[in-house]
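Trainee:
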Amino acid sequence: MLIRYFGAAKAASGVEEETFSADGPDGLSAGASLDDLLEFLGARHSEAPAGTPPLKSVISRSTFLVNGYAARDRSLTLDFGDAVDILPPFAGG
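Positions in the sequence shown are counted from 1; adding 10 to them yields my numbering.
1. May I ask you to verify whether the region 54-61 touches the region 86-100, counting CB pairs closer than 8 Å and requiring at least 3?
2. Buried or exposed: which applies to F74, given that a residue is buried once 16 or more other Cβ atoms fall within 10 Å of its Cβ?
3. Nearest to E28 by CA position, among L44, R54 and S72, is which residue?
4. If we ignore side chains and look at the alpha-carbon of each, how far apart do A93 and D46 end up?
5. Of the residues E49, S31, V68 and I96, which one's Cα is nearest the Cα of N77?
6. Run through the DSSP bridge pairs and tell me what R14 is partnered with.
7. Assuming contact is defined by CB atoms lying nearer than 9 Å, are P98 and A40 in contact in what I supplied?
8. Could you give the distance in angstroms between the alpha-carbon of M11 and the alpha-carbon of L44?
9. Look up A22 in the DSSP assignment and give the residues it is bridged to.
Listed below in structure tokens is the structure:
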């Protein structure tokens, strides 16, 4: 599963993207929901760099794309072949 972080989510996680596999020791199980993934990521990146809100806080204000489509239902079941984009609110115009 490919996770891509944008804006404040990238700053809070300290990475632009990361990948998890079904046979890896990461703690994500097959059939996890989007909500399960977000909880996992919030715990994985619980300490943000100085001056940056924790990822869990950023996630609470974010929207998500799964394989390029808006995912509003956090009970959506994910597959390890999915790509999930975390999109916090963007400023500007």
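Backbone N, C-alpha and C define an ideal beta-carbon position, used for all residues, glycine too.
Mentor: For this structure:
1. no
2. Residue numbering aside, residue 74 sits at position 64 when the sequence shown is read from its first letter. Flag for F74 reads buried.
3. For the purposes of this step, residue 28 is taken as the residue at position 18 of the sequence shown. When only C-alpha atoms are compared, the closest one is R54.
4. The count along the sequence shown starts at 1 and reaches residue 93 at position 83. The count along the sequence shown starts at 1 and reaches residue 46 at position 36. If you draw a straight line from the Cα of A93 to the Cα of D46, it is about 15 Å long.
5. To locate residue 77, count along the sequence shown from 1; it is residue 67. That would be I96, whose Cα lies nearest to the Cα of N77.
6. What you label residue 14 is simply residue 4 of the sequence shown in a count that begins at 1. DSSP, once it has assigned bridges, lists E27 and D95 as partnering R14.
7. Mapped onto the sequence shown, residue 98 falls at position 88. Mapped onto the sequence shown, residue 40 falls at position 30. Cβ distance not < 9 Å, so P98 and A40 don't count as in contact.
8. What you label residue 11 is simply residue 1 of the sequence shown in a count that begins at 1. What you label residue 44 is simply residue 34 of the sequence shown in a count that begins at 1. Taking the straight line joining both Cα atoms gives about 12 Å.
9. As a position in the sequence shown, residue 22 is number 12, starting the count at 1. Answer is none; A22 lacks a bridge partner.
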